[in-house]
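Residue numbers for the first sequence follow numbering that gives the first Met the number 0, beginning at 0 and rising by one. Note that CB positions come from ideal geometry on N, CA and C, so glycine has one too. Here is the structure we will look at.
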Amino acid sequence: MVRTRIAPSPTGADVHVGSVATALMNYAWAKKNKGQFVIRIEDTDRTRIVEGGEAQMLSTLKRIGLIADESPEVGGPYAPYRQSERLNIYKKYAEELVVKGKAYYCICTQERLAKMRSEQQAKKQVPKYDRLCLAHQKEIISKIKSEGVRHVIRLLIPEGQIKFNDAVRGEIIIDAKNIDDQVILKSDGFPTYHLGVVVDDHLMKITHIIRGEEWLPSTPKHVILYQAFGWDLPTFVHISLLRNPDKSKLSKRKNPVWTSYYLDQGILPEALLNYLALMGWSHPEGKDIFSLDEYIKVFDIKDIQTSSPIFDPVKLEWMNGMYIRKYPVLSIKYKVLEFYKDKKLDEKLVEKTIPLIQDRIKKLSDYLTLCEFFFKTPKKYEVDLSNKKEFFEKVYSELEKVTDWKALVIGESLINLAKKLEIKNSQFFMDIRLVITGKKISPPLNESMEILGKEECLKRLTRIQFFCIFSV
RNA sequence: GGUCCUAUCGUCUAGUGGUUAGGACGGCAGGUUCUCAUCCUGUAAACAUCGGUUCGAUUCCGAUUAGGAUCACCA
């Protein structure tokens, strides 16, 4: 049985795209092996909790299609799935380690620790707890019992080498002398990440821990915890981190990182997943575009790349354009309507315009940029048309004669007029495009005019005579 | 600074002990075209450096360099 999980911490406003990339692999590996994909909320740092962050994260994950088999929302056999609701469990396990002599109480103040750390750093030593409290456990325990002194529980790091295997990086060996006696239970009774993650992954029977490589340096601590408890190790898979163009870890200071940001500009969830799948992994047949189902079929942990890719929004947009182009018109219509649901666009009209712009937009948000003129007459023109009055009068009388208002007929009639007036097609159509759409860039003109209707087009041709340029 | 991870076109990547080192995005140049796109054709562009192993290394090993991550009562 394969069980994977993601363990987001609600310390941000939304899901980071890097987390989606990680979630995707976890999801795919679970589904591929007919296992379960779990979401567990790690909300043990109550000083950093962002109001509404958890709800937003869970909602975005659903929006993007990574549906959990077990989560705080849907529950499951190992509930609760929110660490703040499992405090008694961590306390029990932490105390068990103390009894076993694998952990110890510490009542050192933050001030002492800070002072010690800065002194060590000044001497260019590795900052480490000096184990002052380890020597006085008996007194400390009685002090805690009688006076209720604030205390933490620290993991006692054994001497020697820590070895573990990473599924994509192979064997990793770290000398224990480089590891600090990590606090595992904080003075507020909450566990630190290290205890919480090990206890929960064990209790929830997680088989594969697929997470960002930022966790690689603390994995030895987790290994020590597993060994202290006498538990079997899961398979560790540390995947590379997404980066900014300057190669630093992808961060919100330098790039948009929230998943909703991309979704809200009309990047389709399936395109985002497809793009993210290609970060640190490639399709065995070299395909760029593939569905989530196909990804699940061909994905394998052993093919995961170890170097860190740069997140490139340009290629993401290209890919999104590919998705938009391959969907049926009706499907795009519904996506556009949903995307602009606040604007309450006319459904029939949207449907007619889709074929004109499907090859022209990369994101759903490009739709109105191109098509707004279908819904309201342009308020201004990108080019000064004030000296073209006569020209538009001629176009007007030509088009007035068209009885069968179809793109083809309109086109023929206009071409004839252009010939007659001896105006280059490009110039001729550009002026008409401007007066009809207001813009230099638009969907195909004849087809647009057909959709707009004869009456409206004629109205727009005359409008130039009554309104000032560049204004209403 | 200590520890750990990483290194193929600008970017995402494929690949092999002997290849003209392949593809995609992006770029550039053409074609199609009433604009913009789409589509099509072509083109420039990479094995970080130095040693070693070997008949032969981009590929295996080591060092160097560079980049990254991490060193909290944060995750």
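Three-state secondary structure assigned by DSSP to residue 215: Reduced to three states, the DSSP call for residue 215 is helix.
Residue 99: buried (16+ other C-beta within 10 angstroms of its C-beta) or exposed? Exposed, because fewer than 16 other Cβ atoms sit within 10 Å of the Cβ of residue 99.
Hey, how far is the Cα of residue 62 from the Cα of residue 51? A straight line joining the alpha-carbon of residue 62 with that of residue 51 spans about 16 angstroms.
Are residue 207 and residue 234 touching if we call contact CB-CB under 7 angstroms? Taking 7 angstroms as the Cβ cut-off, residue 207 and residue 234 qualify as a contacting pair.
Here's the rule I'm using: 16 or more other beta-carbon atoms within 10 Å means buried, otherwise exposed. How should residue 109 be labelled? Residue 109 should be labelled exposed.
Give the straight-line distance between the Cα atoms of residue 25 and residue 112, rounded to the nearest whole angstrom. Within the model, the alpha-carbon separation for residue 25 versus residue 112 is close to 38 angstroms.
Please confirm whether residue 155 and residue 93 have their CB atoms less than 7 angstroms apart. Contact: no.
Quick one: what's got a C-beta closer than 7 angstroms to residue 276's C-beta in the same chain, skipping five residues either side? Excluding sequence neighbours, residue 276 sits near 23 and 294.
For residue 436, collect the residues of the same chain with a Cβ closer than 6 angstroms to its Cβ; drop the 5 residues on either side in sequence, then sort them by chain order. 372, listed in sequence order.
Are there 16 or more other CB atoms within 10 angstroms of the CB of residue 0, so buried, or fewer, so exposed? Burial call: exposed.
Could you tell me the alpha carbon to alpha carbon distance between residue 129 and residue 40, rounded to whole angstroms? Roughly 33 angstroms between the two C-alpha positions.
When 35, 424, 60 and 250 are compared against residue 68, the one with the closest alpha-carbon: Between residue 68 and the set 35, 424, 60 and 250, the nearest pair of CA atoms involves 35.
May I have the straight-line CA-CA distance separating residue 219 from residue 440, to the nearest angstrom? Distance between the alpha carbons of residue 219 and residue 440 is about 58 angstroms.
Starting from residue 102, trace the beta strand (DSSP E) in both directions and tell me its first and last residue. Its beta strand (DSSP E) spans residues 102-105.
Taking all protein chains shown into account, do 16 or more other C-beta atoms lie within 10 angstroms of the C-beta of residue 178, making it buried, or fewer, making it exposed? So residue 178 ends up on the buried side.
My guess is that residue 265 and residue 303 are in contact by the Cβ rule of under 8 angstroms, so how many angstroms apart are they, rounded? Not confirmed; about 30 angstroms, so no contact.
Scan the region 98-176 and note each continuous alpha helix (DSSP H) run of 4 residues or more that stays entirely inside, going in chain order. Along the length of the region 98-176, whole alpha helix (DSSP H) runs at least 4 residues long occupy 109-121 and 136-146, reported in chain order.
Taking the beta strand (DSSP E) that residue 36 belongs to, which residues open and close that run? Under the DSSP assignment, residue 36 falls in the beta strand (DSSP E) whose first and last residues are 35-38.
Determine the extent of the alpha helix (DSSP H) in which residue 73 is found, giving its start and end residues. No alpha helix (DSSP H) contains residue 73, which DSSP labels as neither H nor E.
Distance, residue 230 Cα to residue 362 Cα: Residue 362 and residue 230: Cα-Cα distance of roughly 49 angstroms.
Test item: CB-CB of residue 257 and residue 42 under 7 angstroms: Judged by beta-carbon spacing, residue 42 lies beyond the 7 angstroms limit of residue 257, meaning their Cβ atoms are not closer than that value.
Below 8 angstroms, can you find three or more Cβ-Cβ pairs linking the region 448-462 to the region 396-406? Flag = yes, the region 448-462 and the region 396-406 touch.
Exposed unless 16 or more other CB atoms sit within 10 angstroms - verdict on residue 17: Its Cβ being crowded by 16 or more others within 10 Å, residue 17 is buried.
Under the assumption that residue 49 contacts residue 70 (Cβ atoms under 8 angstroms), give the Cβ distance between them as a whole number of angstroms. Under the criterion of beta carbons closer than 8 angstroms, residue 49 and residue 70 do not qualify as touching, at roughly 18 angstroms.
Start-end ranges of the beta strand (DSSP E) lying completely within the region 173-247, minimum 3 residues: You should have 182-184, 207-211 and 234-238.
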